[in-house]
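Residue numbers (the numbering used here): 542 to 1250. In what follows, a structure is listed as structure tokens, so that the remarks can point back to it.
Written as structure tokens, this is what we have:
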């Protein structure tokens, strides 16, 4: 279900510090508490008056002026940056998001270390400090060895029949997936659950049940030849090594059986394109129907262990996969399932186990999978672990220190202007009937925007954190988050959950809630600089805001009405014209081939490409309106229109290692940065801004330029 549409995707499947407890329970978390507005941070120095980047907010030194804009606008705007930039050794990719993420991570580290040093008051601060201290206590972790995980491994070893196996599998269930967000769509647990409002009754909350069970990112890793065959060999060796490190006998044979089991799971998995199709996934199932629609699992035992024994209604997102996986529970040997469960318990816990486990986890998921040559410093993974478990406790301080009222006011103004511009585009859409326009305007009018930080903060008072228990802290935090989600069931759907933290460099659209969210950390250069030229800001953060607005009207968002209900608010003729534009855009992106044997999947990336096309056009309109009555001034040799598009191109500067690049083409719902920059070829004003002529590589005849909204 399209709960969240994020602007960017990070590298997937690196070793995580979070481990999943197989057994046990935690009481539901209390309701969130109202968030006071963050206090203004004390001014350490006078605010800068010059743009952070270049003369007007754009880094002109990163251009390659020998390239012609009409042949390769990305090369023209960003070519020297691409040529000269080195991907840091502990990264699989590097881009504008990475730069801001480094800044946010350093700031977050300072907050966490202040908490650990007792410089911040309150119970949350103590827990944040204790969590980080436990994670950073490498001598203590080494001394304990595998002992902290032993009870979980012993519980798995004691499984003796299908009911016990089903309970063990149910105990791994977590609300750790989101269908259309590839940063956390994947779960190595056999199934995942996502708890949000119903697609057909938006005032009610329901669990969406999703496929899982794979240790590698996607079914193609198990089923395709070539590079994927090599990846399977490396994965099998990784499984064997992790089992051996844990002292489990016969590791090679068990690894072979685990790979065979995961391959069988992969064969019944839905594809990425199928999973991203909203119409494919809206299948309501009663709990009592699982036994007949997906026989094999002891579903009563499974749901009881998952604390869902009283939940009557679910939505099965990939029904064939759920049925296929359940069948394997009955057909495969219990011992093989036990090996599988033990491996994944070890693999998920690697970040909080001795160094040999962390090193092996990185060797496969970091180097083999994504081409990253060097493991990140321990403090970075510690910051990430705290963010994953107590991110809002840190985020409250982050917003106080690093998000000013002035920035919020400017961002709010940009959003207002973008919303007005999108409304004007709806009014001018010649292909749309008055009936559909009225519904579209109603949806736009109801769109809610969260800026900087949430209105309510998570209450961590029931989360137990110990200063000497890294793995236990991760397990308890995982259960805390799960039961916090379970607590939403049986209650009216609420729209105050942020899904991200203020220190996250990202943005998202929540179509089911008709809501946009922009964390504080993305509202900085190169996306937004209060001292930059308006044209650059509108081309950068304006296009980001327009992108997220447009997601409410992309190929998935357009299927939901102003209440978040999945409902057809289009006339048949209008929707056919909308789909035709989408088909043309998908075909356009299918032509982009960064490798001879691998290219962009225009259908998989369609919703994001629609949002880019519509968002950039909307940002241009909003910027032009904001400039009415102002003189057109050339700065640094660039006209205002040129500066607008250069600002857009600058935020998509990116480099990736080949392995990570190929993975993103296979599983990512966004096109790579250079092809997102190519969005300009569908924008009429870009042609006149850079005098792009027929015969140039990016030139599209006016009737071939895709216009959506």
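Even for Gly, the Cβ is constructed at its ideal location relative to N, Cα and C.
Environment of residue 1238 [buried if 16+ CB atoms lie within 10 Å] = Exposed, by the Cβ-count rule.
query = Taking DSSP as the reference, what is the three-state secondary structure of residue 826?
reply = It is a strand residue.
ask   = What does residue 737 pair with, by DSSP beta-bridge criteria?
value = For residue 737, DSSP records a beta bridge to 747.
request  = For residue 847, I'd like the list of residues in its chain whose CB is within less than 6 Å of its CB, leaving aside the five on either flank, ordered along the chain.
outcome  = Excluding positions up to five away in sequence, the list reads 711, 714.
task = Quick one: give me the first and last residue of the beta strand (DSSP E) that residue 856 is part of.
result = Annotation: the continuous beta strand (DSSP E) that includes residue 856 extends over 854-857.
query = Which two residues bound the contiguous alpha helix (DSSP H) that contains residue 635?
reply = That residue, residue 635, is in no alpha helix (DSSP H); its beta strand (DSSP E) goes 634-636.
query = Helix, strand or coil: how does DSSP classify residue 944 here?
reply = Residue 944 sits in coil when the DSSP states are folded into three classes, being neither helix nor strand.
request  = List the whole-angstrom C-beta distance separating residue 1176 from residue 1070, where the pair is believed to meet the contact cut-off of C-beta under 8 Å.
outcome  = At roughly 14 Å, the Cβ-Cβ gap does not stay under 8 Å, so residue 1176 and residue 1070 are not in contact.
request  = Could you say which of 602, 833, 958 lies nearest to residue 868 if we only look at CA atoms?
outcome  = Ranking 602, 833, 958 by Cα distance to residue 868 puts 833 first.
query = What does a CB cutoff of less than 7 Å around residue 1247 pick up in its chain, not counting 5 residues either side in sequence?
reply = Cβ neighbours of residue 1247 beyond the five flanking positions: 1122, 1125, 1126, 1129, 1154, 1223.
query = What are the start and end residues of the beta strand (DSSP E) that includes residue 1197?
reply = That run of the beta strand (DSSP E) goes 1195-1197.
task = Kindly identify the DSSP beta-bridge partner or partners of residue 752.
result = Assignment of beta-bridge partners to residue 752 by DSSP yields 732.
query = Based on the DSSP output, what are the partners of residue 991 in its beta bridges?
reply = The partner list for residue 991 (beta bridge, DSSP) reads 1058.
query = Does the distance from the CB of residue 992 to the CB of residue 956 come in under 9 Å?
reply = In this structure, residue 956 lies closer than 9 Å to residue 992 by Cβ.
Cα-Cα separation between residue 1000 and residue 935, rounded to whole angstroms = Answer to the nearest angstrom: the Cα atoms are 12 Å apart.
ask   = Distance, Cα to Cα, residue 888 vs residue 673?
value = Distance between the alpha carbons of residue 888 and residue 673 is about 21 Å.
Pairwise C-alpha distance: residue 693 and residue 1191 = A straight-line Cα-Cα distance of about 48 Å links residue 1191 and residue 693.
message = So, for residue 984: in the same chain, excluding its five sequence neighbours on each side, which residues have a beta-carbon less than 6 Å away from its beta-carbon?
response = So the qualifying residues of the chain are 1103.
task = Give every residue of the same chain whose Cβ lies closer than 6 Å to the Cβ of residue 598, excluding the five residues on either side of it in the sequence, and list them in chain order.
result = Within the same chain, residue 598 has close Cβ partners 592, 1070, 1073, 1074, 1077.
message = Taking a contact to mean a Cβ-Cβ separation below 9 Å, would you say residue 857 touches residue 826 in this structure?
response = A contact, by the Cβ cut-off of 9 Å.
key: Where residue 938 falls: helix, strand or coil (DSSP)   = Three-state result, residue 938: helix.
task = Give me the Cα-Cα distance between residue 745 and residue 1050, rounded to the nearest whole angstrom.
result = When only Cα atoms are considered, residue 745 and residue 1050 end up about 20 Å apart.
task = Note down, in chain order, each residue of its chain lying with its Cβ closer than 6 Å to the Cβ of residue 568, except the 5 sequence neighbours on either side.
result = In this predicted model, residue 568 has a pLDDT of only 28, less than 50, meaning its place in the structure is not dependable; the value taken from the coordinates is given anyway. Excluding sequence neighbours, residue 568 sits near nothing in its chain.
inquiry  = For residue 1138 and residue 908, what's the separation of their Cα atoms in angstroms?
reply    = Pairing residue 1138 with residue 908, the inter-Cα distance amounts to about 22 Å.
request  = Give the single residue among 960, 959, 978 whose Cα lies nearest to the Cα of residue 968.
outcome  = The residue among 960, 959, 978 with its C-alpha nearest the C-alpha of residue 968 is 978.
inquiry  = Rounding to the nearest angstrom, what Cα-Cα distance links residue 663 and residue 995 in this structure?
reply    = Between the C-alpha atoms of residue 663 and residue 995 there is a straight-line separation of about 19 Å.
key: Three-way DSSP call (helix, strand, coil) for residue 1291 in this model   = No answer is possible for residue 1291: it lies beyond the span of the chain, which begins at 542 and ends at 1250.
key: residue 806 versus residue 881 - alpha carbon distance   = Taking the straight line joining both Cα atoms gives about 12 Å.
ask   = What residue does the alpha helix (DSSP H) around residue 1072 start on, and which one ends it?
value = Secondary structure note for residue 1072: it is in no alpha helix (DSSP H), with a DSSP letter that is neither H nor E.
inquiry  = Give me, in chain order, the residues of the same chain whose beta-carbon lies closer than 7 Å to that of residue 650; leave out the 5 immediate sequence neighbours on both sides.
reply    = Here the set comprises 920, 924.
query = Per DSSP, residue 1139 is paired with what?
reply = Beta-bridge annotation (DSSP): residue 1139 is paired with 1136.
query = Would you report the Cα separation of residue 988 and residue 1118, rounded to the nearest angstrom?
reply = Whole-angstrom Cα-Cα distance: 24 Å.
ask   = Using 8 Å as the Cβ pair cut-off and three pairs as the minimum, do the segment 798-817 and the segment 940-954 touch?
value = They do not touch, by the three-pair rule.
request  = Would you check if the segment 888-900 and the segment 684-698 touch, i.e. whether three or more CB-CB distances between them fall below 8 Å?
outcome  = Under the 8 Å Cβ criterion, the segment 684-698 counts as touching the segment 888-900, having at least three qualifying pairs.
query = So what does DSSP say about residue 1107, is it helix, strand or coil?
reply = Strand.
inquiry  = Bridge partners for residue 836 per DSSP, in chain order?
reply    = Paired residues: 838.
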